[in-house]
Every structure is written in C-alpha cells, then in structure tokens.
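Input: a single structure, listed below in structure tokens.
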Amino acid sequence: MSGIELQQVSKRFGETLIVDAIDLTIEDGSFTVLLGPSGCGKTTTLNMISGLEEVSAGKILFDGREIQHLPPHKRDVAMVFQSYALYPNRTVRENIAFALKLRKMPADEIQHRVQEAAELLNIKELLGRKPRQLSGGQQQRVALARAIVRRPNVFLLDEPLSNLDAKLRADMRIGLRELQKELGGTFVYVTHDQSEAMSMADQVVVMNGGIVQQDAPPLDLYRRPANRFVAGFVGTPTMNLVTGSLGDDGLFAGDGWSVPTGWSGPSHENVTLGVRPEDVTLSPGTGETSGRVRMVERLGIEAIVVTAFPFGDIVARTDPDTDFDTGADVTMGIRAGKAHLFDSGSGDALPRTEMAKEGRHV
Amino acid sequence: MAAGTRGRLLTRVLRALVVTALLLWVLLPFYFLLLVALTSKSDSLRTPPRWIPTMDFGSFHSIFKSAFSSAPPSNPSDLILPGIQNSAVVAVCVAVLNVVIGSMAGYAFARFRFPGSKFIPGLMLGSQLVPVFALVVPFYVILHSLRLTDSTVGIVIAHLSFTVPFSVWMMRSFFAGIPIEVDRAAMIDGCTRWQVFYRVVLPLARPGIISVGLFSFMVSWNDFLFALVLNSKTDSTLIQPAISGLYNVREQSFGIMAAGTLLAALPTMLLALISQRFLVRGLTSGVGKV
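These protein sequence lines are chains E and R, in that order. Using the numbering used here, the letters of the first sequence correspond one by one to residues 121 to 482. Using the numbering used here, the letters of the second sequence correspond one by one to residues 9 to 298.
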C-alpha cells in the first residue's frame with residue numbers, strides 16, 4: 121500500500137501552465153477522485169502520478185519516497201484508460217498476463233493470477249477472445265483485470281466509465297467500490313462527472329484552472345463548498361447563485377429586492393448568495409420578493425420548479441405533488457442555516473462562524 | 009422480367025469482356041516472353057509468330073551452363089545468374105535496412121516531439137520529388153571518392169538514399185494510426201520505451217513493415233541506372249544491367265534475353281504473391297478499434 125503526496129507539483133506545456141503548484145495528500149488505501157471540468161489539469165495530474173508525464177516542478181512521494189524522476193515501470197502503479205487501450209493483437213488472456221510476463225513470473229503463477237483476476241471480474245469465458253470481439257463493458261472489465269492482476273499499490277483510473285452506457289455505468293460504480301474494498305489499494309480516479317465522484321469517493325479533490333479548489337469528503341464538499349466554483353460544480357440541479365450585497369441585519373439585497381439569509385455579522389459588499397434547490401422554499405402569493413413560476417418538472421420522486429425572479433431564475437426542488445403551476449406568483453425563502461455566501465471578487469466562501477441559527481421566510 | 013434477365017446477362021457478358029481484355033493486356037506480354045524464351049532461335053522471329061512454344065530449353069540451358077563450369081564468364085549470358093545473386097544480396101540488405109531504419113525513425117516521428125519532428129518528415133516526402141536521375145552523378149562522385157564504387161556497400165547506400173525517406177514516411181503514418189494509449193498502457197504494464205516499441209507497437213505495425221520491405225526490395229531489385237553507373241566490374245554486376253548486356257548488336261539472342269528477363273522477374277513475383285497473403289491478413293487483424 122502507498123500513500124501519495126504531491127508537493128508544489130506543476131506542469132507546463134510550452135507557455136501554458138496546466139497544473140499550478142498543487143499540494144495534495146492522498147491517504148493510503150483511500151478512494152480519491154480528482155474532479156473537474158475538461159482542461160482543469162486532473163488527467164495531467166494523474167499522468168504525473170503514473171509517470172506518463174514528467175513534472176515541470178515539484179515532488180511526488182509514494183510512502184515518503186520521492187518518485188517523480190522514475191519512469192512508469194518503476195513506480196508500481198496500474199492504470200485503466202478511458203479508451204481501455206487493450207492490445208488489439210493479443211487475446212484477453214495475453215492482455216492480462218502481459219505485465220506478469222514482463223516481470224518474468226513463472227508460467228503457473230501467471231496462469232493462477234490471470235484465472236483469479238478473470239474470476240473476480242467475471243470474464244473467465246472471454247479469455248480466448250481478441251479485444252475487438254468484446255463489447256464495451258467487457259473490454260472495460262478486461263482493462264480492470266489487466267490492472268489488478270499485478271496487485272500494485274496504486275490504481276489510477278482515467279474516466280474509466282465514461283464510454284459505457286448509463287445502466288452499466290451505475291453497476292460499475294458499485295463494482296469498482298467493492299473491488300477497492302477487496303483489494304485494498306489506493307485508488308485515484310479521474311472524472312468530470314460530479315455524481316460519479318460523490319457516489320464513489322472517500323475524498324474528492326475538485327480542480328479548476330490547474331489549481332485544487334477544494335479537497336474534502338463528498339458530503340463536506342456538498343454542504344460546505346469552499347468557493348463559488350465548487351458550489352456551482354457539485355450538485356444537480358446546480359446551486360442557485362445570485363449577486364448582491366449583505367447588510368449587517370443578515371438581509372441579502374439586490375437592486376430593489378431583498379431576502380433574509382439568517383447570517384449575522386459585518387455587512388459585506390459584492391456578495392454572491394448560493395442556495396441549493398432543496399433549500400429554496402416557495403410560498404404562494406406576492407410579497408417583496410416575488411416571482412412567477414416558469415416551469416414545473418414533475419420527476420416522480422420530486423418536482424423541479426423554475427421561477428423567474430427580478431434577479432434571475434431560481435430552481436427549487438419540491439414535493440412531487442406541489443400545487444404550483446406555470447404562471448403562479450410565489451415568494452421565496454431559504455431554509456434555516458442553508459444560505460451560502462461567497463465573496464464576489466475572490467469567489468471564496470465567507471467564514472461560516474458568522475452564520476446564525478435562524479432563517480426566516482419573506 | 010425477361011428484359012431484366014437479358015439486361016443482367018448483358019452486364020455479365022460485358023463484365024467478362026472487360027476482365028478478359030484487362031487480363032490479356034497484363035498477361036500477353038508475359039506470355040510472349042515465355043513464348044520467346046521457350047522457342048528455338050530460328051523460330052522466335054517468325055511472322056506470324058508461333059503461338060505454341062516449341063518447348064526448346066536452349067536459352068535456359070545456355071544461361072545455366074556457366075553455373076556448373078569453373079571457367080570465367082565469357083558470354084553476357086554467363087552474367088545472369090551471378091547478377092541475380094548479387095541483386096538478391098543488395099535487395100535483401102536494402103529491404104532489411106529500410107524496415108529497421110523506417111520503423112525506428114517512423115516511430116520517433118510519430119511519437120516524440122523534438123526540434124524538427126514536424127518539419128523533417130515533410131522534407132523527406134519532398135525529397136521524393138527530386139528525379140532519381142539527378143542523383144546519379146553526385147552519387148558517383150561521392151562514392152568514388154570513398155572507394156565505394158564497384159562494391160555492394162556502395163550500391164546499397166545509393167538505394168537506401170531514395171527508399172528510406174518513403175519508408176520512414178510510411179511507417180510514421182502506420183504508427184500514428186495506433187492509439188497512443190496502447191504505448192501508455194504498455195509503459196504502465198512495465199515496458200521500457202524500447203520494449204514498448206518492439207514488443208507492443210511493432211507487432212501492430214506488421215502490415216506496414218511488410219509493405220515497406222516489399223516496396224524497398226522491389227525498388228532495389230528493379231533499379232537499372234545506379235546499378236549500371238556505380239559498377240563497372242563484371243563479377244559484381246546486378247541483374248538489370250546484366251540483362252541489358254544481353255542486347256548485342258552483332259548477335260541478337262532474343263531467346264536468352266527473354267529467359268533472363270523471366271528469371272529476373274521471378275523473385276519479385278514470388279515475393280509479391282507470398283507477402284500479399286500476410287498483407288491482407290495483417291490489415292484486417294492489426295490496427296482495429298482498440
């Protein structure tokens with residue numbers, strides 16, 4: 121097993137800075153997800169851990185040992201690629217056994233290990249086939265078997281599920297988590313899909329612009345986003361974000377309207393208010409801050425109500441049997457303690473200690 | 009319905025006619041070659057020609073008889089077999105070196121970024137636009153000053169100079185067609201760069217290797233100009249100049265010329281037939297969707 125540590129790691133391609141001096145600690149035996157939009161530097165970070173990309177600056181440590189200068193084959197990492205990257209001219213068996221053959225392992229041991237990996241991933245009957253004779257899901261499992269057969273300390277997965285259909289993807293989420301429990305290695309998983317990250321990770325590292333935005337367990341990330349980017353990136357439907365200013369009475373005010381946030385503390389200009397759809401309360405009638413319902417999506421387990429307010433559209437998650445209909449006049453409130461406030465300039469969350477216990481409706 | 013059947017019949021007849029015409033166009037010269045080679049000297053120039061060979065092996069006999077005598081070559085026809093042998097050595101060297109250089113350089117150009125990695129392949133392709141004739145004199149001067157005229161090494165170098173650029177270009181496009189993730193997976197699996205190349209990527213590029221080997225063998229085998237200019241000794245002559253040496257003003261021996269030409273064409277024909285099978289199989293099984 122290996123804990124992984126990145127110290128001030130940067131990657132530069134020519135003039136472009138892809139990863140900007142990040143510090144990161146990945147716990148031994150954890151399932152850590154690097155999450156971010158495309159181009160955020162997450163795959164580059166993974167490739168630097170694997171050794172496929174060299175670091176431009178900084179150190180990478182496995183269990184306290186510096187390894188950033190080592191080529192991939194000396195790092196004892198396994199990797200699963202988005203395209204699976206199976207060897208097209210080799211059978212499934214040869215694909216899985218290749219890494220062991222390179223290590224000159226005795227044939228009966230190879231046979232045993234391949235069998236074991238194939239059993240674990242339920243691909244025993246595919247061992248004699250070539251990759252092109254397999255479905256996407258089967259290729260994916262072969263790629264996983266190829267990774268686990270070596271029993272490495274670190275597993276790196278680069279969007280391994282994004283080429284699968286929705287049903288298979290959901291199954292594989294569970295499968296991967298179980299696999300990790302069974303093998304016990306350190307998993308580093310790259311994805312742009314926040315629901316994948318939330319459902320699988322022990323720890324989520326949100327990246328954007330080559331910088332770590334937040335490094336926290338999934339629920340912390342959801343409940344206490346460190347900045348406006350994380351707040352907007354994690355959660356579906358996304359968090360409602362409105363700009364305005366905060367008075368010392370806790371009233372968040374925009375141009376000719378206001379809403380109580382339940383915050384107490386110093387007033388603050390240039391604030392962005394963030395409210396998750398499930399924390400928006402809507403009540404019928406008109407008031408100081410009223411809007412008109414634009415659309416109601418009844419999804420069975422819930423309804424999504426989109427309301428046009430003077431300051432923009434607000435998405436609320438409500439009871440599926442909600443009485444609201446398109447065109448209805450409603451006023452908006454925020455559930456107690458559920459308002460998030462961010463500095464509009466830096467994007468950073470305002471310190472939570474300022475939050476009071478009570479929230480009120482308009 | 010009757011009209012439809014008749015239409016279909018017409019198409020088939022037309023198709024058969026076109027195919028027959030094409031076949032005749034390609035094969036008739038060969039048949040005539042065979043005819044002349046297997047006809048006695050007196051019969052070979054008759055008008056109208058005899059369409060059935062007399063099965064006279066005299067021409068082949070005079071080519072082969074020198075192979076079993078220890079006497080030094082006295083006739084131009086005595087140089088056919090040594091010429092084939094010399095050409096085989098040269099062409100095999102050229103083919104092997106093209107495969108080695110082409111695949112290694114092609115891989116580097118396809119996978120690594122270094123100063124000139126974009127520019128040099130274009131330059132190489134551009135060099136193919138220069139007529140080969142323009143290179144004969146410079147090559148003679150250079151190789152002569154290096155004392156490499158009249159030698160196998162010299163002619164191999166000359167042949168490499170106009171085959172390698174194409175081979176590099178071709179191997180580069182083959183490697184570029186193999187997803188880079190395959191290289192990366194191999195490195196993660198424990199390959200060194202060199203192992204990635206020869207254990208993983210090279211087997212995938214087999215159709216390319218066969219094409220490059222075949223192409224360079226044929227270019228080398230069929231070269232006449234360099235083989236003529238860069239060599240003046242009879243015992244190191246290549247096959248193409250040896251055949252042209254049969255053309256003698258005093259005594260026209262069409263039978264021996266035809267027989268020599270047939271023998272010279274045999275290796276490339278066999279090679280094409282054999283490698284064609286590998287080429288087709290390679291193309292269907294190699295670089296597929298990964």
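C-beta: ideal position from N, C-alpha, C; glycine also.
- No Cβ of chain R is located within less than 7 Å of the beta carbon of E/Ser-466.
- The residues Glu-229, Ile-230, Arg-233, Val-234, Val-269, Arg-270, in chain order, have a CB closer than 8 Å to that of E/Leu-220 in the same chain once the five nearest residues on each side in sequence are set aside.
- For R/Gln-136, the number of other beta carbons within 10 angstroms of its own is below 16, and it is reported as exposed.
- The stretch 161-172 of chain R makes no contact with the stretch 117-131 of chain R, as fewer than three CB pairs between them are under 8 Å.
- DSSP places E/Val-175 outside both helix and strand once states are collapsed to three, so it counts as coil.
- The CB of E/Val-197 comes closer than 8 Å to the CB of Ile-196 in chain R, given here in chain order.
- Contact check for R/Val-144 and R/Val-44: beta-carbon distance about 31 Å, past the 8 Å limit, so the pair fails to qualify.
- Counting along the chain, R/Phe-120 sits inside no alpha helix (DSSP H), nor does DSSP assign it H or E at all.
- DSSP, read as helix, strand or coil, puts E/Glu-214 in helix.
- Just measuring C-alpha positions, the residue of R/Met-178, R/Met-265, R/Ile-196 sitting nearest E/Pro-272 is R/Ile-196.
- In the structure shown, E/Phe-349 adopts helical secondary structure according to DSSP, grouped into three states.
- With a threshold of 16 other beta carbon atoms within 10 Å, E/Lys-244 falls short and is exposed.
- Contact with chain E is found for R/Leu-212, since one of that chain's Cβ atoms lies less than 7 Å from the residue's Cβ.
- With a 10 Å radius around the Cβ and a threshold of 16 neighbouring Cβ atoms, E/Ile-421 comes out exposed.
- Chain-ordered, the chain R residues with CB closer than 9 Å to the CB of E/Arg-223 read Gly-198.
- Between E/Leu-154 and E/Val-425, the CB-CB gap reaches or exceeds 7 Å.
- Note: E/Lys-224 is not bridge-paired with any residue in the DSSP secondary-structure output.
- By the neighbour-count criterion, in which a residue is buried when 16 or more other Cβ atoms sit within 10 angstroms of its Cβ, R/Phe-117 is buried.
- Cβ atoms of E/Ile-146 and E/Val-129 stay farther apart than 8 Å, at about 12 Å.
- When C-beta distances to chain R are compared with 9 Å, every residue of the stretch 395-407 of chain E stays at or above that value.
- For E/Val-416, the enclosing beta strand (DSSP E) stretches over residues 410-418.
- For E/Phe-201, the neighbours in chain R by C-beta distance under 8 Å run, in chain order, Glu-189, Arg-192, Ala-193.
- About 31 Å separates the Cβ atoms of R/Asp-231 and R/Val-209, ruling out a contact at the 8 Å cut-off.
- C-alpha of E/Asp-375 to C-alpha of E/Ala-456: approximately 24 Å in a straight line.
- When only Cα atoms are considered, E/Ala-436 and E/Thr-392 end up about 18 Å apart.
- E/Met-292 is the residue among E/Ala-177, E/Met-327, E/Met-292, E/Phe-182 whose C-alpha sits nearest the C-alpha of E/Leu-241.
- Shown here, R/Ile-218 sits in a helix according to DSSP, grouped into three states.
- Annotation for R/Thr-157: no beta strand (DSSP E) segment contains it, and DSSP assigns it neither H nor E.
- A distance below 7 Å separates the beta carbons of R/Phe-225 and R/Ala-103.
- For E/Gly-256, the secondary structure class from DSSP, reduced to helix, strand or coil, is helix.
- For E/Tyr-309, the enclosing beta strand (DSSP E) has its first and last residue at 306-311.
- Interface annotation, E/Pro-357: not in contact with chain R, CB-CB separation never under 7 Å.
- The secondary-structure analysis by DSSP pairs E/Met-452 across a beta bridge with E/Leu-402.
- Taking C-alpha positions only, E/Lys-458 is separated from E/Arg-396 by approximately 8 Å.
- At least 7 Å separates the CB of E/His-189 from every CB of chain R.
- If you ignore the 5 residues before and after E/Asp-433, its C-beta comes within less than 6 Å of the C-beta of Val-426, all in its own chain and listed in chain order.
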